[in-house]
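> Take a look at this one; I'll ask things after.
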Amino acid sequence: MTPGDSLKLERLMNQVVDGVLSDAEELLLETWLRDDSTARDRYLCFMMLHADLLWDHGAAASLIGRESLATSADQPRDVSPSLSLSHSTRPLLSGWLSPRLAVAVGLVLVGLTAWLVPRFVRQHGNAGSGVRVSAALIITLEALQGTAEWSDGARKWQPGSDSEQRLPAGTLRLDGEGSSCQLRFDDGTRITVSGDAEAEFAQDSQKRLYLRRGSLTADVARQPDGQPCVIETPTARIEVIGTVFTLVADSEQTALNVERGAVRMQRLVDGHEVEVLDQRQAIASLDATAEMQSVRVGAPPDSWRQTFDQPPPAICKGTWLAAVAGQPNRVRGVPCVASRRKSGKPIVHHGITARSGVETRLVTLHPTSVLKVRYRLTGEASLRIMLGTNQPGGSFGGNFEVKRSSQQQTLDADGWRTLTVPLSEFQPLMKRFPGPLDGSHVSLLMINSHERDVGLEVCEIEIRSQVP
Amino acid sequence: MDDKSPNEPPSLRYLEMVTQSQRTLYGVLWSLLRNADDVDDVLQETNAVLWQKAAEFDAERQFLPWALKIAQLQVLAFHKRRLRDKLVFDEGLLTALVENSIRDIDQVESRRRALAGCLQKLPGDHRTLVLKRYEASGSVNEMAEETGRSPKAVSEALRRIRAALLECIERTLAQEART
């Protein structure tokens, strides 16, 4: 390698770590590294130098909060001398235990915990209160669609969707209306949180949940006497012994649908209580003068049609455009957060959302149901249509999706297209909720063009059970 | 191979080796992934696999090469899971880089010791620049804003410092070899 080559390689490597490498330079570097072992050695030395400097002063906050950094840094020295790393990993630039090192020690401790807990539980059944390490992990994430963030107060992270994970008490945040997350307590109690939602989970002598916003379906196993599962929302509190129900909450009201069993709900604003039995519903709001009663939940109709003759309610998404110049009433797609990348950057989709209110669902699905959408775009695009469903009793039924290219539909004289999709062509998005859709109730319908804004406008949506 | 069942906890020696390997794993993963979030993710996954495979580790062999091979597989698995993302390097180049790392693994510690000394030898303003760049969330753009210099000028200053550090490390190692 000539001195000129050395300098050129050095500049490329600097551009890599300073984040200013162009695609062409990237290709050049890649080719160079592939062909030249000396270049690979220099690259590795350079990157190890960069990583060593980062290790001591890197942005450890992205992995672990400052509070827990301090804890992690202290613990190995105070608690476990066998974990002392003072020889090989002594910080180079400062006299403190480095953030990266603290993270590494934390990772090792987490690894040890993850290794020990399943074995302890297998050998001893549910962990007893004397075992702090196992008591800390209270719930298992079974299935996830979309992006979730879990926070245990000291740190935040994004659980993956690939495999089951044990989690400590903490707060779950879901991004995107199509997101869902199913969790299981050790006694078999299953909780499904869906939509743009935030919920807290804790367990001491009893399970305690707080649903700040979003939808939560619970299938609660029989709880010990005197230790009911307690779920609070901004407007209501319920205590559950063992039952299946769904809660939908925001800052102003909570709707409770009971599928099986009985649930007592207390309205927080005045302490008024109501008992809600099978297949019934009650709403607790901030309005203490509103009548709070349990009412029978009727099945939604077999067909549903929306022609946007009026602006859709606020819970739907899209910009309403009144009929003009021969064009019908319609709704134009708007950007919405579908999920988030690991870096926290939102993934924005462009589309419309129709959803039911808390009291009812849009439509009951049957094997012969067909979805029809009349829409137009400013260009060609692939459309994604998602149905969010609930079981007849109210519990979460899963999300289902179909994708279609706009090129598959022909344009009419006014530039509109009609997409028709039989129910049987929708595919489940979560393995744990495979369907079938027959008998399910649709609570959410999303139509979007992914991350491209192609001016999607929808003037009619219909779901109808066709006569065979 | 250790005579233990997969259900036994790892030995304290194994625990030490995993812990002591963190910095090197982090460095090699940086070379392969070049993105802080990805490196953190894959390091975490590598640690999980190291725990799962504790019983499979042959105590007669060197730990770091074994751990690096596991890290390499985790990088590939990571990219398989994220099909839409472009691999920084293809599988062949990735393997070549890991092989070069394993070949020179014995030098890692001495290079680090040399770096500590070389940092002390930097002029004060250069040391400040390094500290600023490598403190939590330090970036060339922010440094440029703070100092009123262009990002290119800051990057060039850092390039010279890194080059000086690398040269100093090589000199120190050569000196050590002579003595």
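Protein sequences appear in the order of chains S and Z. If you read the first sequence in the working numbering, its first letter stands for residue 138, the second for the next number, and so on. If you read the second sequence in the working numbering, its first letter stands for residue 30, the second for the next number, and so on. Just so it is clear, CB atoms sit at the ideal spot from N, CA and C, and this is done for glycine as well. On a predicted model such as this, the values are computed, not experimentally measured, just so you know.
Would you mind sorting A203 of chain Z into buried or exposed? The rule is 16 or more other CB atoms within 10 Å of its CB.
Exposed: under 16 other Cβ atoms inside 10 Å.
> Look at M583 of chain S and G535 of chain S and say whether their C-beta atoms are less than 9 angstroms apart.
No, these two residues do not count as a Cβ contact at 9 angstroms.
> Is there at least one Cβ from chain S nearer than 9 angstroms to S130 of chain Z's Cβ?
So yes, S130 of chain Z belongs to the interface.
> Based on Cα-Cα distance, which residue from S:A188, S:I276, S:S298 lies nearest to R140 of chain Z?
Residue S:A188 is the option with its Cα nearest to R140 of chain Z.
> My assumption, with CB atoms under 8 angstroms, is that V403 of chain S sits in contact with R374 of chain S. Please give the rounded CB distance.
Val is not the amino acid found at residue 403 of chain S; the sequence shown has Gln there. With 8 angstroms as the limit, Q403 of chain S and R374 of chain S qualify as a contact, their Cβ atoms being about 5 angstroms apart.
> Taking S440 of chain S and T526 of chain S to be in contact with their CB atoms under 8 angstroms, please state how far apart those CB atoms are, rounded to whole angstroms.
Not confirmed; about 16 angstroms, so no contact.
> Three Cβ pairs or more, each shorter than 8 angstroms: is that satisfied between the region 464-473 of chain S and the region 484-491 of chain S?
Touching, per the Cβ criterion.
> Just checking: is the beta-carbon of H486 of chain S within a distance shorter than 9 angstroms of some beta-carbon in chain C?
No chain C appears in this structure, whose protein chains are S and Z.
> How should H261 of chain S be labelled, buried or exposed, when 16 other C-beta atoms within 10 angstroms of its C-beta is the threshold for buried?
Note that H261 of chain S scores 34 on pLDDT, short of 50, meaning its location in the model is unreliable; the coordinates nonetheless yield the value given after this. With fewer than 16 other Cβ atoms within 10 Å, it is exposed.
> Tell me which same chain residues have a C-beta within less than 6 angstroms of the C-beta of V539 of chain S, skipping the five on either side of it?
I522, V558, E562, F563.
> Comparing alpha-carbon positions, which option in S:L348, S:R359, S:D178 lies nearest A399 of chain S?
Nearest of S:L348, S:R359, S:D178 to A399 of chain S, Cα basis: S:R359.
> Compute the Euclidean distance between the alpha carbons of T139 of chain S and L146 of chain S, then round it to the nearest angstrom.
Rounded to whole angstroms, T139 of chain S to L146 of chain S spans 11 angstroms at the Cα level.
> Report the start-end ranges of each beta strand (DSSP E) in the region 268-329 of chain S that is 3 residues or longer and not cut off at the edges.
If we require 3 residues or more, the beta strand (DSSP E) runs fully inside the region 268-329 of chain S come out as 274-288, 302-305, 307-322.
> Taking only beta-carbon atoms, is S199 of chain S less than 9 angstroms away from chain Z?
Legend: pLDDT at S199 of chain S = 29, less than 50; position of this residue unreliable, value from coordinates given subsequently. Closer than 9 angstroms: yes.
> Answer yes or no: does any C-beta atom of chain Z fall closer than 9 angstroms to that of G156 of chain S?
It does: the Cβ of G156 of chain S has a partner Cβ on chain Z nearer than 9 angstroms.
> Quick one: is E396 of chain S buried, meaning 16 or more other Cβ sit within 10 Å of its Cβ, or exposed?
E396 of chain S should be labelled buried.
> Bridge partners for M583 of chain S per DSSP, in chain order?
Bridge partners of M583 of chain S: S:T490, S:M523.
> Can you find a CB in chain S that lies within less than 9 angstroms of the CB of A100 of chain Z?
Chain S, which has no Cβ nearer than 9 angstroms to the Cβ of A100 of chain Z, makes this no.
> Starting from the beta carbon of S174 of chain S, find every residue of chain Z whose beta carbon is closer than 9 angstroms, and list them in chain order.
The contacting residues are A125, N129.
> Give me the chain Z residues within the contact set of W192 of chain S, using Cβ-Cβ distance strictly less than 7 angstroms, ordered along the chain.
Within chain Z, the residues near W192 of chain S are R52, Y55.
> For chain S, find out if any of its Cβ atoms is closer than 9 angstroms to the Cβ of F92 of chain Z; answer yes or no.
Taking Cβ atoms only, chain S never reaches closer than 9 angstroms to F92 of chain Z, which makes this a no.
> Alpha carbons only, please: which of S:L170, S:W287, S:R477 is nearest the one belonging to E128 of chain Z?
Measuring from the Cα of E128 of chain Z, the nearest candidate turns out to be S:L170.
> Are the CB atoms of G332 of chain S and S476 of chain S nearer to each other than 9 angstroms?
In this structure, S476 of chain S does not lie closer than 9 angstroms to G332 of chain S by Cβ.
> For the region 311-326 of chain S against the region 276-287 of chain S, do three or more pairs of beta-carbon atoms, one drawn from each stretch, fall closer than 8 angstroms, so that the two count as touching?
These segments touch.
> For D178 of chain S, go through chain Z and note every residue whose CB falls closer than 8 angstroms to its CB, in chain order.
Ordered by position in chain Z, the residues that pass the 8 angstroms Cβ test against D178 of chain S are N129, D133.
> Closest to V595 of chain S by C-alpha separation, out of S:L524, S:D341, S:K509, S:V381, would be which residue?
Considering only alpha carbons, the answer is S:K509.
> Let me know the secondary structure DSSP gives G398 of chain S once reduced to three states.
It is coil, neither helix nor strand.
> Under a CB-based cut-off of 9 angstroms, is F223 of chain Z close to chain S?
Lying outside 30 to 208, the shown extent of chain Z, residue 223 of chain Z is not represented and no answer is given.
> At a CB distance below 9 angstroms, what residues from the region 161-173 of chain S approach chain Z? Give them in sequence order.
Going along the region 161-173 of chain S in chain order, one finds E163, E167, L170, R171 with a Cβ nearer than 9 angstroms to chain Z.
> Determine, using beta carbons only, whether S174 of chain S and A125 of chain Z come nearer to each other than 9 angstroms.
Result yes, Cβ atoms of S174 of chain S and A125 of chain Z sit closer than 9 angstroms.
> Against chain S, does W95 of chain Z count as a neighbour if the rule is that its beta carbon must be under 9 angstroms from one of theirs?
Not an interface residue.
> Starting from the C-beta of R259 of chain S, find all residues in its chain whose C-beta is less than 7 angstroms away, skip the five residues before and the five after it, and write them out in chain order.
Low confidence applies here, because R259 of chain S scores a pLDDT of 31, under 50, leaving its location unreliable; read the following figure in that light. Hits under 7 angstroms: none found.
> Taking the alpha carbon of L384 of chain S as the point to measure from, which residue in S:T497, S:P365, S:F338, S:A355 has its own alpha carbon closest?
For the residues S:T497, S:P365, S:F338, S:A355, the minimum Cα distance to L384 of chain S belongs to S:A355.
> Measure the CB-CB distance between L151 of chain Z and L194 of chain Z and report whether it falls below 9 angstroms.
Contact flag set, yes.
> Are any of the Cβ atoms in chain S nearer than 9 angstroms to that of V159 of chain Z?
Taking Cβ atoms only, chain S reaches closer than 9 angstroms to V159 of chain Z, which makes this a yes.
> What does A614 of chain S touch in chain Z if you count any residue whose Cβ is under 7 angstroms from its own?
Lying outside 138 to 605, the shown extent of chain S, residue 614 of chain S is not represented and no answer is given.
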